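Encoded as structure tokens, the structure appears first; notes follow it.
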Amino acid sequence: MIRLVSDVKLFLQALSREFPDVFSPPQPRRLARKACAAGEPALRGEAREKFAERVAHWSGKMGVRANQIRIKDQKSLWGSCSVQGNLNFNWRIIMAPEGIVDYIVIHELAHLLEMNHSPRFWRHVEAWCPDWRTHRGWLRANSGFLRALRYRNMLINK
């Protein structure tokens, strides 16, 4: 049943409850507090653990094997894959919803099957992440926030 909601805020809240990985924007204050409390090195460590776990999970399902996993502070990429099978991930993505993290991992692992962005590559991605377009849209909408966070001398309004 479709329920019409005149208040956009209520509508977005309903969507975020129903589809939290897709429609919940990052919560700037919570993320900023976490970042300040933990600091960049701690978040990089968290990213290293999370990406190792998700790469192991998805590489087994996809039948591929990554060589090395590196955590970087890339300025324009969320991840990359070399011809040697090395995967690089931007540590900032750890602040995104879990579904976004999985999309990035699946995207990079799909490059082990197809080292380009051809229709065949996107079919590999879609086979394991049917909502990839939504996740890519979330990244485009929220990438400025994730990239803008700086952890030194950050002021937080409490």
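Going by numbering that gives the first Met the number 0, the sequence shown runs without a break in its numbering and finishes at 157. Note that the Cβ used here is the ideal one computed from N, Cα and C, for glycine as well. This structure is a prediction, so every number in the text was calculated from the model and none was measured.
query: In DSSP terms, what Arg160 is bridged to; result: In the structure as shown, the chain begins at 0 and stops at 157. Residue 160 is therefore absent and cannot be evaluated.
query: Per DSSP, cross-strand counterpart(s) of Glu139; result: In the sequence under discussion, the amino acid at residue 139 is Arg, which differs from the Glu named in the question. DSSP, once it has assigned bridges, lists no residue as partnering Arg139.
query: Contact under 9 Å by Cβ, Ser142 with Trp77; result: yes
query: 8 Å contact criterion, which Leu42 and Ile68 should meet: CB distance rounded; result: With a Cβ gap of about 16 Å, Leu42 and Ile68 do not count as contacting.
query: Helix, strand or coil at Arg146 according to DSSP, with G and I counted as helix; result: helix
query: Spatial distance of Ile103 from Ser79 (CA atoms); result: 9 Å
query: DSSP three-state assignment for Ser79, whether helix, strand or coil; result: strand
query: Close beta carbons around His123, own chain, < 7 Å, minus the five adjacent residues each side; result: Ala109, Leu112 and Glu113
query: Own chain residues within Cβ distance below 8 Å of Ile92, not counting five before or after; result: Ala46, Trp77, Gly78, Ile99, Val100, Ile103 and Leu145
query: Beta-carbon gap between Pro96 and Trp121 smaller than 9 Å; result: no
query: Other residues of its chain near Arg119: CB distance less than 6 Å, five sequence neighbours each side excluded; result: Glu113
query: Pairwise C-alpha distance: Lys74 and Gly59; result: 29 Å
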